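Engineer:
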Amino acid sequence: MFSPRVSPAVFGMGLLDSIPDEVILNPADPDDKDNDGISGRPNMVWDDIENEEMIGRYGWKANTASIEQQDADAAFGDIGLTNRIHPKENCPPAQKQCQQAVQGEQPDISDMQLDRLTFYISNLAPPARMNVDDPRVIMGAKLFERAQCASCHIPQIKTDSHAIYEELANQNIQPFTDLLLHDMGDALGDGRPDFLATGNEWRTPPLWGIGLVSTVNQHTNFLHDGRARNLEEAILWHGGEAEASKEKFKAMNKDERKALIQF
Numbered sequence: 000m001f002s003p004r005v006s007p008a009v010f011g012m013g014l015l016d017s018i019p020d021e022v023i024l025n026p027a028d029p030d031d032k033d034n035d036g037i038s039g040r041p042n043m044v045w046d047d048i049e050n051e052e053m054i055g056r057y058g059w060k061a062n063t064a065s066i067e068q069q070d071a072d073a074a075f076g077d078i079g080l081t082n083r084i085h086p087k088e089n090c091p092p093a094q095k096q097c098q099q100a101v102q103g104e105q106p107d108i109s110d111m112q113l114d115r116l117t118f119y120i121s122n123l124a125p126p127a128r129m130n131v132d133d134p135r136v137i138m139g140a141k142l143f144e145r146a147q148c149a150s151c152h153i154p155q156i157k158t159d160s161h162a163i164y165e166e167l168a169n170q171n172i173q174p175f176t177d178l179l180l181h182d183m184g185d186a187l188g189d190g191r192p193d194f195l196a197t198g199n200e201w202r203t204p205p206l207w208g209i210g211l212v213s214t215v216n217q218h219t220n221f222l223h224d225g226r227a228r229n230l231e232e233a234i235l236w237h238g239g240e241a242e243a244s245k246e247k248f249k250a251m252n253k254d255e256r257k258a259l260i261q262f
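Just so we're aligned, residue 0 is where the sequence shown starts under numbering that gives the first Met the number 0, counting upward by one.
1. In whole angstroms, what is the alpha-carbon distance linking Q105 and A241?
2. Rounded to whole angstroms, how far is the Cβ of G188 from the Cβ of G198, which I believe are closer than 8 Å?
3. What are the residues that DSSP puts in a beta bridge with E51?
4. Quick one: which unbroken alpha helix (DSSP H) runs of 4-plus residues sit fully inside the stretch 97–124? Chain order, please.
5. What residues match up with K157 in a beta bridge as DSSP calls it?
6. With three or more C-beta pairs closer than 8 Å as the rule, is the stretch 22–35 touching the stretch 61–78?
7. Is M129 buried or exposed, if buried means 16 or more other CB atoms sit within 10 Å of its CB?
8. Figure out for me which residue from L113, M53, G13 has the closest Cα to the Cα of F194.
9. Give the single residue among E21, D133, A140 whose Cα lies nearest to the Cα of F175.
10. Hey, how far is the Cα of F221 from the Cα of P205?
11. Report yes if the CB atom of P126 is closer than 7 Å to the CB atom of L211, and no otherwise.
12. Would you give the residue range spanned by the beta strand (DSSP E) that L180 belongs to?
13. Are the CB atoms of Q173 and P154 nearer to each other than 7 Å?
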């Protein structure tokens with residue numbers, strides 16, 4: 000099964016890893032018992048490193064639980080570099096020539112290189128917020144709350160006291176995510192399940208650093224497949240559990256919508 004993907008940002012991943020499991024699980028409401036229309040749930044995925052089922056935190060459908068697993072999977076799946084997690088070449092059964100090709104030394108990435116990559120990705124800091132004292136940004140923050148965007152894009156979280164690196168422990172962070180899966184409606188569905196995630200479910204993407212996408216990536220294509228040409232279009236594609244928030248955004252006047260986008 001195939002589904003297009005825009006590469007997500009890799010900064011702040013160590014901080015997301017340091018969020019306690021219970022902080023992710025507490026707001027989960029898979030049966031929508033509080034009748035607010037939002038029924039987030041964690042994606043429980045298999046981690047090859049710990050050899051057990053864990054809470055997925057990374058990827059568009061939260062299909063990876065640890066940074067090392069994410070790094071090893073990306074090295075292997077995206078650019079064909081074998082490593083301690085994936086020691087054999089990425090040759091599916093149908094690719095006979097791939098299987099018969101001369102193999103180099105194994106693995107392509109040494110344990111030390113994978114450890115260094117994991118260390119780097121874990122400690123890559125998110126950028127600071129911009130224009131926090133701008134009256135329009137302050138108004139946008141209030142509108143963000145009023146539209147209930149913060150129900151899933153949770154503004155403030157504290158990391159665990161026992162983080163993978165001590166520098167990541169006990170940090171008050173503003174990732175604007177709950178790391179849970181939410182049904183975003185048929186229009187955004189890709190028909191591709193991933194562990195517990197259905198074709199319509201997506202992890203709430205962190206919003207930190209989103210204002211610098213155009214500067215860093217030289218584009219403003221958002222959502223999992225880049226279909227939205229800007230943030231306003233991304234909001235308007237929201238459906239399912241986010242339908243009510245989208246309608247509240249549509250009901251705002253022009254200045255209010257601009258303020259929310261600027262925030």
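Every residue gets a Cβ at the ideal spot worked out from N, C-alpha and C, and that includes glycine.
Computed from a prediction, not measured in an experiment: that's the story for all the values here.
Structural biologist: The answer reads as follows:
1. Take the alpha-carbon of Q105 and the one of A241: they are about 47 Å apart.
2. Contact annotation, G188 with G198: C-beta distance approximately 5 Å; criterion of less than 8 Å satisfied.
3. For E51, which the question treats as bridged, DSSP gives the partners D46.
4. Every unbroken stretch of the alpha helix (DSSP H) spanning 4 or more residues and falling wholly within the stretch 97–124 is given here in chain order: 110–121.
5. According to DSSP, K157 bridges with N171.
6. By the criterion of at least three beta-carbon pairs nearer than 8 Å, the stretch 61–78 is not in contact with the stretch 22–35.
7. The residue is exposed, with fewer than 16 neighbouring Cβ atoms inside 10 Å.
8. Answer by Cα proximity: M53.
9. Scanning E21, D133, A140 for the CA closest to the CA of F175 turns up A140.
10. Straight-line spacing of the CA atoms in F221 and P205 works out to 12 Å.
11. L211 is positioned such that its CB atom lies closer than 7 Å to that of P126.
12. Here the beta strand (DSSP E) through L180 covers 180–182.
13. In this structure, the beta-carbon distance from Q173 to P154 falls below 7 Å.
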